[in-house]
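Peer 1: First, the structure itself, so that you have it in front of you.
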Amino acid sequence: QPPVPELPQFLFAVHFRPPHSKWRSGAMELPSGNRLNPPSSSVSSRRRRQRFLSEGGRVDRISALPDDLLLQVLCRLRCARTAALTSAVARPWRGLWRHLTELSFREIAPDALEAALGLVARPAISLLEIDIPEEHRGEIDPARVSALLRTAARLAPTALVFTACGNCSVAPIEVPVFHRATSIKLEVHNLCLTPPAHGLEFPVLERLSVGGGYAFDTDEFIQRCPRLRVLEVGNRCRLHKIKVHSTTIEELVVSDDCWANGIDIMAPALKQLKLSIRMDSQFSVSFSAPMVENLWWDFSCPSQNVGDDGWRMLHLSLWKKESVNTLRLTIDAGPSMLMDLEDYAEAYAPFADRNFSEEIASLPNFSVLQLHLIRRGHAFGPVVSNLLGICTFIQKLKCTGVCPPNCPCEQPQNWRSQTISLWQLLKKLK
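Here it is in C-alpha cells:
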C-alpha cells in the first residue's frame, strides 16, 4: 500500500476551530450551543494519543479532535466526494463522511452515486443534494431516476435537491413520499413526474420547486401536500393547466416561460404571485386570491389567436404596485401596411379564438391600461376605440401620440360617432 501523502497543515487551519466557538471549562462550545468535551480519563487520553500518531511517527493534531468536530469540518466542504477523499489523510477520517448530516453529491456518475448512497450510515439526514451531470444523460432513464429517488427517500432528508436530465421520456416517474422533508427541489429536464401512488402525502412539506418537467400536474401534487406554503414551477416546465386550489399556499411562482393552456387559481391565503407563461391556443383564466399583495403576470401569445379584425395580441402583462393593478397589452397589426385591413384579416391574420373583450373579462380587475400598438403604418383609431369601450372602468389615461394629417383612421368614420363613457376616469395626461 503506497504511503499516504503528507498534506499541508494550512489546508485544515481554517477548520481547526469553528467560527465564533468558545472554550469554557475545558470544553469547546459550538455556535449551535453544543459542547465538545475532551476525554475524561487518562486511559482514553493515552488511546487517543496513540491513535493520532501517523504512520511516519508524526503527531496528527487534526485527527486528535473529537469525531463530532471532525464531522463539522467535513460538513463545511459542501461535497460528499471531497469529504470521502479525506480518508487518505489518516485512518480516523476513513468512512467518517458516511455519518454527515448534510450530503451533496455533484458531478458523479449514476453507478458511483448509487454505490455511495448505499454507504450512508445515518438513518436520517438534514440535507441531501444530488446533481447528475448532463454528460450522463444517456444513462438516465425513468427506471434509474425512480430508483435514485427511492434511495433518497430512505435517507429521510428534511431538505432534498435533485437534478437530472433525461431524453424527453414521457414514461411516468413516481416521486416517493419524503415523510420528513419540509423542502423539495426537483430539476428534472425532459422527464415526467407523478405524485406518490395510493393517495400518499408529503405530511410536512412546506416548499416545493419543480423545473423542466414534462406534463407536470400542479393540482395532483398540491393535493398531496397539506402544509404547502410555497410552490415554484420553472425552467420551461410543460404544464397542462396551472390549477391551484389551496387554503395554505402563500406564494406561487411560475417562471421561465412555462407552456400552459390555462390557470385556475383559488387560493384565499395567497400573497405573492408571479406568472411567466406561454399561452397555448385554448388558454383560459379563472382567478380568486383576495389577499394577494404582490402580483405579476407576464403572458406571451405565440399562437396570436386573440384579437379583433387584423389586430392580434402578442403579449399581456399585469402587475400590482401600491395597491393599483396595471394592464399592459402589446398588439400587432401584422404586415397590413401593404394592404387593406379587411383583406389582411381575411388572408393572413391567425384565426382568433377569442376577442379582446373575452380575454380582458377573465383578468383580475385593473385601473390602469397601457397599450403598445405595433401599427406598421396602418390605422389604429378603431382598435383603440374598441379597447376603451371594453375598459370603461379605467381611472387613468395617458396618450403619447396623435394621428398625423390625412391619417387612414379617417376611413371608415363609423367608429368616430360612438360614445364611450369612462365613468371612473380621474386623470387624463397628454
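So in my numbering, the last one in the sequence shown is 652, and the numbering has no gaps at all. Each residue gets a CB set at the ideal place from its N, CA and C atoms; glycine is no exception. If you're wondering where the values come from, they're calculated on a predicted model, not measured in any experiment.
Tell me whether Leu339 sits in a helix, a strand or coil according to DSSP, three-state version.
Peer 2: The sequence position of residue 339 within the sequence shown is 117, counting from 1. Correct three-state label for Leu339: helix.
Peer 1: Rounded to the nearest angstrom, how far is the Cβ of Pro379 from that of Leu349, given a contact under 8 Å?
Peer 2: Position 157 of the sequence shown, counted from the first residue, corresponds to residue 379. Position 127 of the sequence shown, counted from the first residue, corresponds to residue 349. Contact flag correct, Cβ pair sits at about 6 Å.
Peer 1: How would you write the range of the alpha helix (DSSP H) that Ser579 sits in, first residue to last?
Peer 2: The residue labelled residue 579 in the question sits at position 357 within the sequence shown. Run containing Ser579: Phe578 to Ala583, per the alpha helix (DSSP H) assignment.
Peer 1: Quick check: the segment 541–555 against the segment 577–592, are at least 3 beta-carbon pairs closer than 8 Å?
Peer 2: Yes, since at least three Cβ pairs between the segment 577–592 and the segment 541–555 fall closer than 8 Å, the two stretches touch.
Peer 1: In three-state DSSP terms, what is Thr440?
Peer 2: Here residue 440 corresponds to residue number 218 of the sequence shown, with the count starting at 1. Thr440 falls in the helix class under three-state DSSP.
Peer 1: Go through the segment 409–492 residue by residue and report every complete run of the beta strand (DSSP E) that reaches 3 residues or more, in order.
Peer 2: Counting whole runs of 3 or more residues, the segment 409–492 contains the beta strand (DSSP E) stretches 414–416, 429–433, 436–438, 452–456, 464–467 and 473–488.
Peer 1: Thinking just about the alpha-carbon of each residue, which of Ala437, Arg446 and Gly434 is nearest to the one in Ala419?
Peer 2: Counted from its first residue, the sequence shown places residue 419 at position 197. The shortest Cα separation from Ala419 among Ala437, Arg446 and Gly434 belongs to Arg446.
Peer 1: If you drop the 5 nearest sequence neighbours on each side, which residues of the same chain put their C-beta closer than 6 Å to that of Met501?
Peer 2: Position 279 of the sequence shown, counting from 1, holds the residue named residue 501. Here the set comprises Phe521 and Cys523.
Peer 1: What are the boundary residues of the alpha helix (DSSP H) that includes Val590?
Peer 2: Against the sequence shown, residue 590 aligns to sequence position 368. Note, Val590: premise wrong, no alpha helix (DSSP H); beta strand (DSSP E) at Val590 to Ile596.
Peer 1: Starting from Ile612, trace the alpha helix (DSSP H) both ways and give me its first and last residue.
Peer 2: In the sequence shown, counting from the first residue as 1, residue 612 sits at position 390. Start and end: Gly603 to Ile612.
Peer 1: Taking the beta carbon of Gly434 as the centre, do at least 16 other beta carbons fall within 10 Å, making it buried, or is it exposed?
Peer 2: What you label residue 434 is simply residue 212 of the sequence shown in a count that begins at 1. Result: buried.
Peer 1: For Thr385, write down the residues that DSSP places opposite it in a beta bridge.
Peer 2: Counted from its first residue, the sequence shown places residue 385 at position 163. Beta-bridge pairing links Thr385 to Asp353 and Glu409.
Peer 1: Which first and last residues belong to the alpha helix (DSSP H) in which Leu371 is found?
Peer 2: Sequence index remark: in the sequence shown, residue 371 carries index 149 (1-based). Per DSSP, Leu371 belongs to the alpha helix (DSSP H) from Pro364 to Arg376.
Peer 1: When the Cα of Lys465 is compared with those of Val507, Val426, Gly456 and Asn457, which residue comes out closest?
Peer 2: Numbered from 1 along the sequence shown, position 243 holds the residue referred to as residue 465. Measuring from the Cα of Lys465, the nearest candidate turns out to be Val507.
Peer 1: Lys542 to Gly360, Cα distance in whole Å?
Peer 2: By 1-based counting over the sequence shown, the position of residue 542 is 320. By 1-based counting over the sequence shown, the position of residue 360 is 138. Between Lys542 and Gly360, the C-alpha separation is close to 45 Å.
Peer 1: For Ser643, I'd like the list of residues in its chain whose CB is within less than 8 Å of its CB, leaving aside the five on either flank, ordered along the chain.
Peer 2: Mapped onto the sequence shown, residue 643 falls at position 421. Closer than 8 Å at Cβ, skipping near neighbours: Thr614.
Peer 1: Could you have a look at Arg715 and say whether DSSP puts it in helix, strand or coil?
Peer 2: A question about residue 715 goes unanswered here, because the residues of the chain that appear run from 223 up to 652.
Peer 1: Quick check: what's the CA-CA separation for Thr470 versus Leu382?
Peer 2: Position 248 of the sequence shown, counted from the start, is the residue given in the question as residue 470. Position 160 of the sequence shown, counted from the start, is the residue given in the question as residue 382. Taking the straight line from one Cα to the other gives about 21 Å.
Peer 1: Measure the CB-CB distance between Asp530 and Phe578 and report whether it falls below 8 Å.
Peer 2: Reading the sequence shown from its first residue, position 308 is the one you call residue 530. Reading the sequence shown from its first residue, position 356 is the one you call residue 578. Yes, Cβ-Cβ distance for Asp530 and Phe578 is below 8 Å.
Peer 1: Give the secondary structure of Val399 by DSSP, where H, G and I count as helix, E and B as strand, and everything else as coil.
Peer 2: For this step, residue 399 is matched to residue 177 along the sequence shown. Three-state DSSP puts Val399 in coil, outside helix and strand.
Peer 1: Tell me which residues share the same chain as Gly388 and place their Cβ nearer than 8 Å to its Cβ, disregarding the 5 neighbours each side in the sequence.
Peer 2: Mapped onto the sequence shown, residue 388 falls at position 166. Counting only Cβ-Cβ distances below 8 Å, and skipping sequence neighbours, we find Arg359, Ile362, Asp363, Pro364, Val367, Val410, His411, Asn412 and Leu413.
Peer 1: Kindly examine the ligand GDP and report whether one of its heavy atoms sits closer than 7 Å to the Cβ of Cys447.
Peer 2: In the structure shown, the ligand GDP is absent, as is every other ligand, since no ligand is present at all.
Peer 1: Alpha carbon to alpha carbon, what distance is there between Ile444 and Cys459?
Peer 2: For the purposes of this step, residue 459 is identified with residue 237 of the sequence shown, where counting begins at 1. For the purposes of this step, residue 444 is identified with residue 222 of the sequence shown, where counting begins at 1. Going by the C-alpha atoms only, they are around 16 Å apart.
Peer 1: Using a Cβ-Cβ cut-off of 7 Å (strictly less than) and excluding sequence neighbours within five positions of Asn587, which residues of its own chain qualify?
Peer 2: To locate residue 587, count along the sequence shown from 1; it is residue 365. Cβ within range, chain order: Asn547.
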